[in-house]
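One structure is given below, encoded as structure tokens.
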Amino acid sequence: AKKDEANTNAALPAQTTTEETVSKPVVRTQQHTAVAKRKRRDRIPERPNYSVNLWSIVKNCVGNDLTKIPISVNSREPISMLQRITGELEYSFVLDTAAKINDSWEQLAYVAAFTISSYSTTTTRVNKPFNPLLGGTFECDRTDDLGWKSIAEQVSHHPPALSTYAEGQGRTLYQEFTMTSKFRGQYLSITPLGYSHLIFKNTGNHFTWRKVTTLVNNIIVGKLWIDNVGEMDINNHTTKDVCKLKYLPYSYFSKDVPRKVTGIVTDVDGQARWVLTGTWTEKIEGGPVEASSGRHAHSHHMETRNMKLLRQRKMPPAHLENMYNFTQLAVELNEMEPDVAPTDSRHRPDQRLMEEGRWDEANQEKLRLEEKQRQARHARETNGQDPYKSKWFKKQHDAFADSDIHMYTNEYWECKQKQDWSRCENIY
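Next comes the structure, spelled out in structure tokens:
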């Protein structure tokens with residue numbers, strides 16, 4: 047099939063506003079307003095030349111959940127998990143394209159390409175982000191240049207869980223992210239458990255998916271390297287279409303291109319409608335199925351036409367290699383901004399000290415913050431207080447995933463406008 051190198055980096059979205067309810071997100075039409083673009087930083091202090099010995103941390107943890115193991119800043123990157131998850135919106139322009147497509151199969155193909163994009167930097171960003179403190183938040187308002195804004199909150203500590211909500215051009219994206227991680231002797235296995243939801247205004251399509259397993263290799267000796275493996279089902283609950291993605295495990299003996307991903311979009315009857323192929327590091331191409339043996343997903347041969355580029359990796363500036371291999375958006379995430387909530391990750395002192403290269407002080411501050419969190423939990427239990435309740439999200443049943451989820455209450459941005467942070471606790 048002839049490849050059409052269509053440019054997915056089309057015009058970025060303009061400002062949008064949405065108005066949601068807790069029970070059912072509703073995507074509103076976008077409204078254009080004149081917003082002055084701010085100049086954002088393009089670098090942070092380079093990473094100090096500290097040695098990292100993960101083996102000394104995990105050698106006694108074989109088979110155990112590592113989310114409960116304290117880890118110094120030496121093996122981290124100076125952003126929180128709230129910020130790391132927000133950084134997945136670096137490829138939001140793929141969703142901008144999807145939001146303009148009325149064909150549900152093609153729209154699903156672009157959604158699949160977006161989900162794959164979240165893994166593009168994992169080959170180089172091997173350091174762990176900071177575990178957010180309970181009640182920690184992170185807002186990211188990029189309506190002036192990227193056309194979206196998001197809010198994230200750490201809603202649970204045991205088990206660690208965060209919820210995010212993002213408004214964009216004709217779409218709503220929200221998720222609850224939690225995971226388990228275990229050391230298997232040769233590698234570290236990280237398994238995400240929460241679901242992501244995406245709703246488009248133009249089609250009304252509601253998509254859900256779960257992330258695949260990430261493997262961190264060479265924990266004991268050698269250079270760390272990461273692989274993403276497994277299968278991901280992206281379900282369209284409106285049309286019952288499904289995209290099945292397969293992340294093929296790396297093999298030294300395989301003739302396949304490394305880090306390969308394949309996908310098939312099927313309709314409600316199981317007929318193959320679109321195919322995708324590429325890698326989770328570089329690019330994903332896709333095209334509609336023209337003919338196959340019965341056109342079912344299990345067919346061994348499918349003919350496609352008009353294969354086109356759905357997503358291409360954006361290469362970060364070369365100077366960021368010594369800055370934790372951050373992308374340009376990652377560099378901007380922890381830049382201090384006025385009027386954010388006092389619980390925002392930008393205010394976290396140990397994380398800020400680490401970014402400034404003051405690692406010894408950062409480690410001491412990290413111990414203080416963790417002890418303060420333990421004392422707050424102990425006080426709630428001793429005084430018979432109710433368990434912690436999130437400030438910007440409300441726990442409810444997720445009918446699509448048949449599990450609980452914390453849904454955004456649509457109050458954060460109003461409180462920010464009023465600078466009313468009375469509900470926020472002093473966590474730092």
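With my numbering applied, the sequence shown corresponds to residues 47 to 474, in that order.
Backbone N, C-alpha and C define an ideal beta-carbon position, used for all residues, glycine too.
Quantities reported herein were computed from a predicted structural model and do not represent experimental measurements.
Per DSSP, cross-strand counterpart(s) of leucine 355: Partner(s): Glu331.
Alpha helix (DSSP H) containing tryptophan 255: first to last residue? For tryptophan 255, there is no enclosing alpha helix (DSSP H); the enclosing beta strand (DSSP E) has its first and last residue at 252-255.
Residue environment, methionine 453, which counts as buried when at least 16 other CB atoms sit within 10 Å: Taking every protein chain shown into account, the CB of methionine 453 has 16 or more other CB atoms within 10 angstroms, so this residue is buried.
Does glutamate 416 come out as helix, strand or coil in the three-state DSSP assignment? Glutamate 416 falls in the helix class under three-state DSSP.
Cβ contact (3+ pairs, closer than 8 Å) linking the stretch 129-136 and the stretch 308-327: As far as the Cβ criterion goes, the stretch 129-136 does not touch the stretch 308-327, which means the pair count is below three.
So which of Ser468, Leu239, Val377 has the shortest CA-CA distance to arginine 256? Nearest option by C-alpha distance: Leu239.
Which term fits methionine 278, buried or exposed, when burial requires 16 or more other beta carbons within 10 angstroms of its beta carbon? Buried: at least 16 other Cβ atoms inside 10 Å.
Let me make sure I understand the geometry here. Which of Phe246, Ser166, Asn177 has the alpha-carbon closest to that of glutamate 134? Nearest option by C-alpha distance: Ser166.
If arginine 171 sits next to tyrosine 370, beta carbons under 8 Å apart, how far is it from one beta carbon to the other, in whole angstroms? With 8 Å as the limit, arginine 171 and tyrosine 370 qualify as a contact, their Cβ atoms being about 7 Å apart.
Helix, strand or coil at leucine 141 according to DSSP, with G and I counted as helix: For leucine 141, the secondary structure class from DSSP, reduced to helix, strand or coil, is helix.
Where alanine 447 sits in the DSSP three-state scheme: In the three-state scheme derived from DSSP, where H, G and I count as helix and E and B as strand, alanine 447 is classed as coil.
Residues bridged to tyrosine 220 [DSSP beta-bridge criterion]: DSSP lists Tyr211, His243 as partners of tyrosine 220.
Taking Cβ to Cβ, would you say threonine 218 is nearer than 7 Å to isoleucine 245? Taking C-beta atoms as the reference points, threonine 218 and isoleucine 245 count as a pair closer than 7 Å.
Between the stretch 146-156 and the stretch 175-183, do at least 3 Cβ pairs fall closer than 8 Å? Contact between the stretch 146-156 and the stretch 175-183 is not established, with fewer than three Cβ pairs separated by less than 8 Å.
Considering only residues of the stretch 278-325, which uninterrupted beta strand (DSSP E) runs meet the minimum length of 3 residues and lie entirely inside it, listed in chain order? Complete beta strand (DSSP E) runs here, min 3: 288-293, 306-312, 318-325.
Looking only at its chain, what residues have a beta carbon closer than 6 Å to the beta carbon of methionine 400, apart from the 5 residues adjacent to it on each side? Excluding its 5 nearest sequence neighbours in each direction, methionine 400 has C-beta neighbours in its own chain below 6 Å: Val119, Pro124, Ala408, listed in chain order.
Are glycine 250 and threonine 284 close, meaning C-beta to C-beta below 7 Å? Yes, the pair counts as a contact, with Cβ atoms nearer than the cut-off.
Hey, could you find the ends of the alpha helix (DSSP H) cysteine 470 is sitting in? Neither: cysteine 470 is in no alpha helix (DSSP H) and is coded neither H nor E.
Under the rule that 16 or more other beta-carbon atoms within 10 Å means buried, what is leucine 154, buried or exposed? Leucine 154 should be labelled buried.
Are there three or more Cβ pairs, one per stretch, closer than 8 Å when the stretch 295-303 is compared with the stretch 314-323? As far as the Cβ criterion goes, the stretch 295-303 does not touch the stretch 314-323, which means the pair count is below three.
Tyrosine 454 (DSSP reduced to helix, strand or coil): Note: tyrosine 454 maps to strand in three-state DSSP.
Reduced DSSP secondary structure (H/G/I, E/B, other) of lysine 462: Under the three-state reduction of DSSP output, lysine 462 falls in the helix class.
Euclidean distance between Cα positions of aspartate 396 and glycine 181: So the alpha carbons of these two residues sit roughly 16 Å apart.
Is the Cβ-Cβ distance between alanine 159 and valine 140 less than 7 Å? Yes. Within cutoff.
What does the alpha-carbon distance come out to for the pair valine 262 and tyrosine 233? Each residue's alpha carbon lies about 6 Å from the other.
Could you check where the alpha helix (DSSP H) with valine 377 kicks off and where it finishes? Where valine 377 is concerned, the enclosing alpha helix (DSSP H) stretches over 374-379.
So, using beta-carbon positions, are glutamate 185 and valine 386 closer together than 7 Å? The answer is yes: Cβ separation under 7 Å.
In whole angstroms, give me the CA-to-CA distance for aspartate 190 and glycine 214. Cα-Cα distance, rounded: 12 Å.
Please report how far the alpha carbon of arginine 359 lies from the alpha carbon of cysteine 470, in whole angstroms. Their Cα atoms are separated by approximately 38 Å.
Under 8 Å by Cβ, that's how I've got lysine 290 and glycine 268 pegged, so tell me the actual separation to the nearest angstrom. Their Cβ separation, rounded to whole angstroms, is 33 Å, which puts lysine 290 and glycine 268 out of contact at 8 Å.
Can you tell me which of the three DSSP states alanine 198 falls into? DSSP places alanine 198 within a strand segment (E or B) once states are collapsed to three.
Run of the beta strand (DSSP E) containing proline 395, from where it starts to where it stops: From DSSP, proline 395 is part of no beta strand (DSSP E) but of the alpha helix (DSSP H) over 395-401.
With distances taken Cα to Cα, identify the nearest neighbour of tryptophan 459 among Lys83, Ala212, Tyr241. Distances from the CA of tryptophan 459 to each of Lys83, Ala212, Tyr241 were compared; the closest alpha carbon is that of Ala212.
Going by beta-carbon coordinates alone, are threonine 168 and isoleucine 272 separated by less than 7 Å? In this structure, isoleucine 272 lies closer than 7 Å to threonine 168 by Cβ.
Cβ of glutamate 336 within 7 Å of Cβ of arginine 351? Result yes, Cβ atoms of glutamate 336 and arginine 351 sit closer than 7 Å.
At a cut-off of 6 Å, is lysine 329 close to the ligand PLP when judged by its beta-carbon and the heavy atoms of the ligand? No copy of the ligand PLP occurs in the structure displayed, which carries no ligand at all.
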